[in-house]
Each structure stands twice: as C-alpha cells, then as structure tokens.
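Chemist: Here it is, the structure, as structure tokens.
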Amino acid sequence: MISEPMTLATDYLLAAGAMLMAALVLRRAAGEDSRRWWGVAFIALGLAAALGGTHHGFRLEALWKPTVLVLGVASAGMLAGSAVATARGMSRLALLALAAAKLAVYWTWVWHDDRFIWAVADTGSAFALVALLHLAGWRRPGSRWILAGVAVSIAAAAVQASGIDLHRHFNHNDLYHLVQLGALLLYYRGVRVLTDRR
C-alpha cells in the first residue's frame with residue numbers, strides 16, 4: 000500500500016522533469032563544460048526525487064541516505080557548472096575545488112547524520128554561491144534565468160518549511176515539489192544557452 004500517494008506522484012513528476020532536462024542539456028552540451036556540469040546536477044536531482052518519492056510512498060527507510068547523498072551531487076554540479084560559466088583561470092579552479100570539498104564534507108557529515116536539514120543547508124549554500132556568480136556575470140548568457148531559478152527554489156524551500164498543507168492529500172512536500180519543478184524549468188532555460196567563460 001502507498002503511504003503518501005501524492006508525495007510519491009509529485010516526486011516522480013519532478014524526477015521525470017529533471018531527467019528530461021538533463022537529456023536535453025547534455026544533448027546540446029556542444030563542448031560547453033558548464034552545460035555538462037549542470038546536466039550532472041539535473042541527473043542527480045532526478046535520481047534524488049525518484050529515491051525520495053519511493054521512500055515516502057513505500058516507507059523504504061533504506062532509500063533515505065542515498066537520497067540525501069545524491070542531493071549533494073546536485074548542488075556540487077550546479078556550483079561547478081556556474082563556476083565554469085562565470086569564472087576563468089585560478090578563480091575557476093578555486094571554485095571547482097570548493098565544489099568538490101563542499102561535497103566531500105557534506106557526504107562525510109550526512110553519512111553519520113542524514114537529517115534533511117543538512118541537505119537544506121548544503122543546497123542553500125550552493126544557491127548562495129550560484130546566485131553570487133551569476134549576479135557578477137549578469138550579462139553572461141543564461142545568468143538571468145538561473146538567478147530566477149534560484150529565487151523560485153528559495154520560494155519552494157519556504158513553502159516546504161511553512162508546513163502548510165492545502166489538503167489532507169496534498170501537503171507542503173507536494174506543493175514544494177511543484178514549485179521546485181517551476182524552478183527547474185527556469186534553470187533549464189538558462190543552462191541551455193550557457194557558455195563556458197573563455
């Protein structure tokens with residue numbers, strides 16, 4: 000029996016959207032490493048949503064840790080892709096090293112404490128860095144769309160944190176998934192025209 004059918008459905012919808020966007024981005028990467036990194040982020044988001052939906056829908060506790068671990072890959076991919084699109088030289092290398100170090104620290108931490116608050120903190124720090132990079136590169140292709148995606152992702156997090164349920168069969172997690180799908184569409188609009196800074 001499915002314990003949270005709407006959460007499972009909205010998570011699976013989010014997963015399908017993220018995987019479709021990943022395929023479209025990677026197909027059009029055309030030598031742009033920034034797009035490839037964002038493609039990795041979309042794949043990780045899709046996998047995390049599928050795992051999370053299955054965890055919620057079927058109460059499979061064994062899937063929770065993989066869910067939060069994969070979310071770290073998504074935030075690292077977003078940061079790496081944005082670094083390649085907006086920075087060059089030693090600044091780019093430092094940002095890529097930061098993305099890798101952040102992922103390593105996050106994985107080490109959540110291996111022992113897999114509460115969702117740590118995924119929120121990791122993703123939030125990635126959003127802050129991605130927003131700063133694209134604000135600095137405001138005129139770069141795709142930056143405005145990605146900034147809009149960050150804004151909608153923050154709104155989605157606020158919806159989830161609010162705990163407001165619209166219906167007994169449509170809770171704050173379900174609404175969060177739908178708002179986050181809107182954010183993914185904005186990210187996709189930006190990423191598909193993203194170019195590496197040369």
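For the sequence shown, position 103 (counting from the first letter as 1) is numbered 102 according to numbering that gives the first Met the number 0, and the numbering increases by one without interruption. In this text, a Cβ means the ideal position worked out from N, Cα and C, and glycines have one as well. This structure is a prediction, so every number in the text was calculated from the model and none was measured.
Please classify H166: does DSSP put it in a helix, a strand, or coil?
Modeler: strand
Chemist: Is the distance from the Cβ of A84 to the Cβ of G52 below 8 Å?
Modeler: no
Chemist: With 16 as the cutoff for other CB atoms within 10 Å, does T107 come out buried or exposed?
Modeler: The residue in question, T107, is exposed, as its Cβ has fewer than 16 Cβ neighbours within 10 Å.
Chemist: Anyone know if the C-beta pair for L94 and A75 falls short of 8 Å?
Modeler: no
Chemist: Let me know if L92 comes out buried or exposed under the rule of 16 or more other beta-carbons within 10 Å of its beta-carbon.
Modeler: That one is exposed.
Chemist: Quick test of your reading: V129 and M77, contact by CB under 8 Å. State the CB separation rounded to the nearest angstrom.
Modeler: 6 Å
Chemist: Would V158 and F126 qualify as a contact pair, given that the criterion is a beta-carbon distance under 8 Å?
Modeler: No, the pair does not count as a contact, with Cβ atoms beyond the cut-off.
Chemist: Distance, Cα to Cα, V67 vs A135?
Modeler: 30 Å
Chemist: Do you know how far the Cα of T194 is from the Cα of R167?
Modeler: 45 Å
Chemist: If you reduce the DSSP assignment to three classes, tell me which class L4 lands in.
Modeler: This sequence places Pro at residue 4; Leu is not what is there. P4 falls in the helix class under three-state DSSP.
Chemist: Apply the 10 Å Cβ neighbour rule to W110 and answer buried if 16 or more other Cβ atoms are within range, or exposed otherwise.
Modeler: exposed
Chemist: Residues in the same chain with beta-carbon distance under 7 Å from V63, minus the five sequence neighbours each way, listed in chain order, please.
Modeler: This sequence places Trp at residue 63; Val is not what is there. Result list for W63: H54, D113, in chain order.
Chemist: Between which two residues does the alpha helix (DSSP H) carrying G204 extend?
Modeler: The first residue shown for the chain is 0 and the last is 197, placing residue 204 beyond what the model contains.
Chemist: Using beta-carbon positions only, say whether A21 and G38 come within less than 8 Å of one another.
Modeler: yes
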